[in-house]
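Participant: Attaching a single structure in C-alpha coordinates format; questions to follow.
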Amino acid sequence: MMRTDAELKADLMERIDSLPSINKADIEVFVDHGEVTLNGHVDTYQTRFQVERTARRVQGMRALQIKIKPTETIHKRGSR
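Under the numbering used here, think of the first position of the sequence shown as 52, with each following residue one higher.
Here it is in C-alpha coordinates:
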(Lines of atoms letter the chains of each structure in order from A and count residues from 1; the text may use other names and numbers.)
(Lines give C-alpha, C1' and ligand atoms only; values in the text may rest on other atoms or scores of the structure.)
Protein backbone atom coordinates (compact mmCIF):
# COMPACT_ATOMS: atom_id res chain seq x y z
CA MET A 1 0.00 0.00 0.00
CA MET A 2 1.64 3.21 -1.18
CA ARG A 3 0.92 6.26 0.93
CA THR A 4 2.10 9.82 0.52
CA ASP A 5 4.60 11.31 2.95
CA ALA A 6 1.90 13.68 4.21
CA GLU A 7 -0.46 10.77 4.94
CA LEU A 8 2.25 8.85 6.79
CA LYS A 9 3.22 11.90 8.85
CA ALA A 10 -0.40 12.68 9.76
CA ASP A 11 -1.05 9.06 10.78
CA LEU A 12 2.13 8.88 12.88
CA MET A 13 1.47 12.20 14.61
CA GLU A 14 -2.11 11.21 15.42
CA ARG A 15 -1.02 7.89 16.89
CA ILE A 16 1.83 9.42 18.91
CA ASP A 17 -0.49 12.15 20.18
CA SER A 18 -2.89 9.47 21.43
CA LEU A 19 -0.25 8.08 23.82
CA PRO A 20 -0.99 9.55 27.27
CA SER A 21 2.66 9.62 28.39
CA ILE A 22 3.83 11.67 25.38
CA ASN A 23 3.97 15.40 24.89
CA LYS A 24 3.77 15.63 21.11
CA ALA A 25 5.93 18.77 21.19
CA ASP A 26 8.82 16.52 22.31
CA ILE A 27 8.70 14.33 19.17
CA GLU A 28 9.48 15.45 15.61
CA VAL A 29 8.27 13.34 12.70
CA PHE A 30 10.12 13.53 9.39
CA VAL A 31 9.03 11.59 6.30
CA ASP A 32 10.97 11.50 3.03
CA HIS A 33 9.84 9.14 0.26
CA GLY A 34 8.27 6.80 2.80
CA GLU A 35 11.32 6.76 5.08
CA VAL A 36 10.33 7.91 8.56
CA THR A 37 12.59 9.42 11.22
CA LEU A 38 11.39 10.19 14.73
CA ASN A 39 13.54 12.66 16.69
CA GLY A 40 13.16 14.03 20.18
CA HIS A 41 13.13 13.03 23.80
CA VAL A 42 10.85 11.24 26.22
CA ASP A 43 11.01 10.64 29.96
CA THR A 44 11.88 6.90 30.10
CA TYR A 45 13.03 3.93 28.03
CA GLN A 46 9.55 2.44 28.42
CA THR A 47 8.00 5.52 26.84
CA ARG A 48 10.52 5.34 23.99
CA PHE A 49 9.51 1.72 23.45
CA GLN A 50 5.82 2.73 23.38
CA VAL A 51 6.54 5.32 20.69
CA GLU A 52 8.52 2.82 18.63
CA ARG A 53 5.87 0.10 18.95
CA THR A 54 3.14 2.58 17.99
CA ALA A 55 5.10 3.85 14.98
CA ARG A 56 5.77 0.33 13.69
CA ARG A 57 2.00 -0.27 13.44
CA VAL A 58 1.68 2.38 10.72
CA GLN A 59 1.32 0.77 7.30
CA GLY A 60 3.15 2.01 4.21
CA MET A 61 6.56 3.03 5.59
CA ARG A 62 9.67 1.99 3.67
CA ALA A 63 11.96 2.47 6.68
CA LEU A 64 11.79 3.69 10.28
CA GLN A 65 14.57 5.33 12.29
CA ILE A 66 14.01 6.03 15.97
CA LYS A 67 16.28 8.81 17.23
CA ILE A 68 14.44 9.42 20.49
CA LYS A 69 16.47 9.75 23.68
CA PRO A 70 15.07 9.01 27.13
CA THR A 71 15.87 11.90 29.48
CA GLU A 72 16.38 9.48 32.38
CA THR A 73 19.82 8.67 30.90
CA ILE A 74 20.76 12.35 30.92
CA HIS A 75 19.79 12.71 34.57
CA LYS A 76 21.68 9.57 35.57
CA ARG A 77 24.87 10.70 33.86
CA GLY A 78 24.61 14.14 35.42
CA SER A 79 24.23 12.75 38.94
CA ARG A 80 27.48 10.79 38.98
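A virtual CB, placed ideally from N, CA and C, is assigned to each residue, including glycine.
#1: Figure out for me which residue from Gly85, Phe81, Lys75 has the closest Cα to the Cα of Asp94.
#2: For a test of the three-state rule: what should DSSP assign to Thr55, helix, strand or coil?
#3: Bridge partners for Phe100 per DSSP, in chain order?
#4: Terminal residues of the continuous beta strand (DSSP E) containing Pro121?
#5: Determine the contact status of Leu70 and Val87, defining contact as a CB-CB distance below 9 Å.
#6: What's the gap between the Cα of Glu65 and the Cα of Gly91?
Facilitator: Reading off the structure:
#1: Counted from its first residue, the sequence shown places residue 94 at position 43. Residue Lys75 is the option with its Cα nearest to Asp94.
#2: On the sequence shown, residue 55 is found 4 positions in, with the first residue counted as 1. If DSSP states are grouped into helix, strand and coil, Thr55 belongs with coil.
#3: Here residue 100 is taken as the residue at index 49 of the sequence shown, counted from 1. Answer is none; Phe100 lacks a bridge partner.
#4: Against the sequence shown, residue 121 aligns to sequence position 70. Element bounds for Pro121: 114-121.
#5: Indexing the sequence shown from 1 puts residue 70 at position 19. Indexing the sequence shown from 1 puts residue 87 at position 36. In this structure, Val87 does not lie closer than 9 Å to Leu70 by Cβ.
#6: Against the sequence shown, residue 65 aligns to sequence position 14. Against the sequence shown, residue 91 aligns to sequence position 40. Straight-line Cα distance between these residues: approximately 16 Å.
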